[in-house]
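Novice: If you use the working numbering, the sequence shown corresponds to residues 27 to 721, in order.
We put the beta carbon where it would ideally sit given N, CA and C, even for glycine.
Just so we're clear, the structure is a prediction, and the values are computed from it rather than from any experiment.
Mind looking over this structure? Questions follow.
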Amino acid sequence: MTLLVVPDKITARHRERLAVVYVRQSSPHQVQHNRESQANQYALVQRALELGWVPERVRVFDTDLATSGQDSLRADFRELVAEVSLAHVGLVLTYEVSRVARSNADWYTLLDLAAVTGALIADADGIYDPRTYNDRMLLGLRGMLSEAELHLLKLRLDAGKMRKIERGAYRQALPTGLVRLADDRVVKDSDQQVQGIVQLIFERFATLGSCQKVLRSLRNDQLLLPRRQTHGLDAGLLLWKKPSESAVYQILRNPAYAGAFVYGRMGPHPERRPGQWARRVRRRQEEWLVVHHDAYPAYISWEEFVANQARLTDNASRYARRARGAVREGEALLVGLVVCGRCGRQMRVAYKPQIRYVCSRLKSTYAERPCVNLDGASIEQAVVQAFFAALAPAELDLLDDVLAEQRADRERVARQCADRVTRATYEVRLARRQYDAVDPENRLVAAELERRWELALRAEVEAKEAAARLAQETPAATLDPTLRAQLQDLGHQLPSLWSSGRLRPSQKKELLRSLIRRIVLTRLAPDSIEIKVVWVSGAYSELIVHPPVHMAANTSGYSRLVERVLDLAAQGYQDPEIARRLTAEGFRSAHTTDRVPASLVFEIRHAHGQPSLTKRFRTQEKQDGSWTIWGLARTLGVDRNWLYRRIIHGALPAQRDPVHGYYLIPDDPVLLEDLRAQVPTWRRRAKKTRGEESG
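What follows is the structure in structure tokens.
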């Protein structure tokens, strides 16, 4: 290596300062294997001595080995810039410009400071003074070429990588359950327990429908998940760990289990700025760059994988995605399905104490009044009836499949427990052989092997206890013949099965979601709600329900109801009969939406000052020219029961009013005189009866 020395560039003032040799390589691999490059860079120390610097004034900055030139936070580079800015450096030696920086911003910062303080810059080709125009232009071009070179290298590497990806020859990291052989063939893991647990996760997700439910079922069965370590101290080993949400989610999301080679599932964040590292975001399936089907042995079909992704997305329950959320155990049947007809947002459920569907998004977002707060019972009843009507023509027979799936799932769990016991037993034997083989004098190794043996024994005991608990569990109860007959004709028997209490809320929700995609709720009036049921086919049904309200005055047609009550009361009808007639005419009350109670009729009459027929009869002596019971009893001074007994025995002629049913007695003077004559006898008998009772 020969340096072109220009005598007038290096002066005594430069030699009074430091000569800094900057050494850098980009990666640990280069540091370990590209030793010749290191030697060439460290040889610059001798060149500094040849240029007239004494050894005490020559410093080597080599802390940035294995650091990218694009990293502006390099420790030695920052120290170098600081020393140059303080005018402590007379010469900066580097093998080439790319060793100092791969970014124009960092390179020009160093040039500007060197020009101000008078520091020189040297590389393998010569010595440059940043204060002179020609040298500064040459150094600037070298910095630009260094940055462009890195970009071109990256383009060539990415192009070669993409060609391998497009051919499907790229060695992609494989998930647990798939293994790459020495000849690059990919096969399923030879460990049958690993295959079984991966298959079990997919089967349980198909049955349970959510990641959390799969996780809880694995926890309840005390099953462990395999994890083949790719880095760290346990790299290459297969470890069995407690199931976690992220582990189950990664298995369900990985297309490799469907036999597909996929590249480009993740992409840069849209807000990432050039040169800035930012978090990556998950792309939608249609945005994946490369997809090769049948590249790996599959645990599930591609169609099942796509259906699983759609269900996981639907379970996310985010408004932006209009997802329905996962089915849970709450009593509200329409959670995740109901949408506010005013703002279009997904509604939430409240229990206060009855089920209510609430939307307050406009209040929280724009401080406006809440959208709606609707009675849940009446809405659910209408939707369920519409569901029955849509389901009635279908012939469904799910019993055999359900029972077979339960038996198969129990067999899979039992097989996993047996495999776990077998593995634990093998680990115990292996640990014992290793302990027996060690020299007893080597106490440190013997103590560690003894500890491993104890851990293996403990794992074996836990595995056997889990298998014993599973064996002691009572198998799922078989369905009684009545329920079996109902399920054989589910379309016709579902209403009775629904109300029998045998279906859990989560099962009812799953049934509703099988046909219903969305439910839009709009309040038309205080006691009127429009329900638009959007079916999975895209068709929709419109329903109107009348939920209970707090005040009768808020019901639709309340003024006509009052008018009819007063009219019928004036005609002489009693409150129960008025209520029956109003119910038949389609009127309803605030709390009982299917009828009009007699108590409401009484309240309306009382509020409008109209007395009841009984009260009017008590105050009137005659009605339509005939005596009333109350009027005749007051006129004669007798008890009403005396008149009733004579009417019943036929001694007193009377007729019932055809409207109200009260007795009316003819206004006959002869009849009146005859009754007056009988009054003294009645009084003596009554007085004698009272005396006997007192004696």
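1) Give the straight-line distance between the Cα atoms of SER63 and SER272, rounded to the nearest whole angstrom.
2) Tell me the rounded alpha-carbon separation between SER525 and SER585.
3) Could you pull out every residue in the same chain whose Cβ sits closer than 6 Å to the Cβ of PHE287, ignoring the five residues on either side in sequence?
4) Residues in the same chain with beta-carbon distance under 7 Å from PHE231, minus the five sequence neighbours each way, listed in chain order, please.
5) Taking the C-alpha atoms as reference points, what is the distance between ASP34 and TYR154?
6) Quick check on ARG254: does DSSP put it in helix, strand or coil?
7) Assuming ILE191 and VAL316 are in contact, meaning their beta carbons sit under 8 Å apart, how far apart are those beta carbons, in whole angstroms?
8) Consider the C-beta atom of ARG371 and the heavy atoms of the ligand ADP; say whether any pair is separated by less than 6 Å.
9) Any contact between the segment 625-632 and the segment 667-674? By contact I mean 3 or more CB pairs, one from each, below 8 Å.
10) Mind listing, in chain order, the continuous beta strand (DSSP E) runs of no fewer than 3 residues lying wholly within the segment 355-399?
11) Apart from the five residues on each side of it in sequence, which residues of its chain come closer than 8 Å, Cβ to Cβ, to GLN380?
12) For ARG50, I'd like the list of residues in its chain whose CB is within less than 6 Å of its CB, leaving aside the five on either flank, ordered along the chain.
13) Any beta-carbon of chain C closer than 7 Å to the one on GLY293?
14) Near GLU431, which residues of its chain fall below 7 Å by C-beta distance, leaving aside the five closest residues on each side in sequence?
15) Which word fits PRO692, buried or exposed, when buried means at least 16 other C-beta atoms lie within 10 angstroms of its C-beta?
16) Near ALA284, which residues of its chain fall below 6 Å by C-beta distance, leaving aside the five closest residues on each side in sequence?
17) To the nearest angstrom, report how far apart ALA497 and GLU355 are at their CA atoms.
18) Could you check what DSSP says for LEU701 in three-state terms: helix, strand or coil?
19) How long is the line joining the alpha carbons of THR707 and GLU603, rounded to whole angstroms?
20) What does the alpha-carbon distance come out to for the pair ARG528 and GLU357?
21) For the beta strand (DSSP E) that contains PHE103, what are its first and last residues?
22) My assumption, with CB atoms under 8 Å, is that ILE557 sits in contact with LEU547. Please give the rounded CB distance.
23) Within this structure, are the beta carbons of VAL110 and ALA74 separated by less than 7 Å?
24) Going by beta-carbon coordinates alone, are GLN276 and ASP445 separated by less than 7 Å?
25) Less than 8 Å between C-beta atoms, sequence neighbours within five positions excluded: which residues of the same chain meet that for LEU690?
26) Taking all protein chains shown into account, do 16 or more other C-beta atoms lie within 10 angstroms of the C-beta of ARG43, making it buried, or fewer, making it exposed?
27) Quick check: the Cα distance between PRO574 and VAL410, rounded to an integer number of angstroms?
28) Taking VAL274 as the reference, which of THR256, GLY293, SER243 and GLY262 has the closest Cα?
29) Considering only the beta carbon of each residue, do ILE545 and LEU360 sit closer than 7 Å?
30) Take VAL364 and list the residues in its own chain whose beta-carbon comes closer than 6 Å to its own, dropping the five residues that flank it on each side.
Specialist: In terms of the structure at hand:
1) Going from the Cα of SER63 to the Cα of SER272 covers about 44 Å.
2) In this structure, the CA atom of SER525 is about 37 Å from the CA atom of SER585.
3) A distance below 6 Å between beta-carbons, with the five flanking residues on each side excluded, links PHE287 to the following residues of its chain, in chain order: GLY194, HIS318 and ALA321.
4) Closer than 7 Å at Cβ, skipping near neighbours: VAL240, LEU278 and ASN334.
5) Our two residues, ASP34 and TYR154, have alpha carbons roughly 11 Å apart in a direct line.
6) ARG254 falls in the strand class under three-state DSSP.
7) With 8 Å as the limit, ILE191 and VAL316 qualify as a contact, their Cβ atoms being about 5 Å apart.
8) No copy of the ligand ADP occurs in the structure displayed, which carries no ligand at all.
9) No contact exists between the segment 625-632 and the segment 667-674.
10) Every beta strand (DSSP E) stretch that sits fully inside the segment 355-399 and reaches 3 residues is listed by chain position as 364-366, 374-377 and 381-385.
11) Only ASP401, GLY402 and ALA403 meet the Cβ criterion.
12) So the list reads ASP90 and ARG125, once near-sequence residues are dropped.
13) Included in the structure is just one protein chain, with no chain C present.
14) Excluding positions up to five away in sequence, the list reads THR233.
15) PRO692 is exposed by the Cβ-count criterion.
16) The beta carbon of ALA284 is closer than 6 Å to those of ALA324, ILE326, TRP328 and PHE331 in its chain, skipping five residues each way along the sequence.
17) The straight-line gap from Cα to Cα measures roughly 28 Å.
18) DSSP places LEU701 in helix when its eight states are reduced to three.
19) Their backbone Cα atoms lie some 40 Å apart in a straight line.
20) Between ARG528 and GLU357, the C-alpha separation is close to 14 Å.
21) First-last for PHE103: 101-111, but that is the alpha helix (DSSP H), not the beta strand (DSSP E).
22) So it is a contact: roughly 6 Å between Cβ atoms.
23) Cβ distance not < 7 Å, so VAL110 and ALA74 don't count as in contact.
24) Not a contact, by the Cβ cut-off of 7 Å.
25) Closer than 8 Å at the Cβ level, and outside the excluded window around LEU690, lie GLN649, ASP650, SER652, TRP653, THR654, ALA680, GLN681, ARG682 and ASP683.
26) Label assigned to ARG43: buried.
27) When the Cα atoms are used, PRO574 and VAL410 turn out to be separated by approximately 18 Å.
28) For VAL274, the closest of THR256, GLY293, SER243 and GLY262 by C-alpha to C-alpha distance is SER243.
29) Their beta carbons are under 7 Å apart, which means ILE545 touches LEU360 by this criterion.
30) Correct list, in chain order: MET373, TYR383, ILE545 and LEU547.
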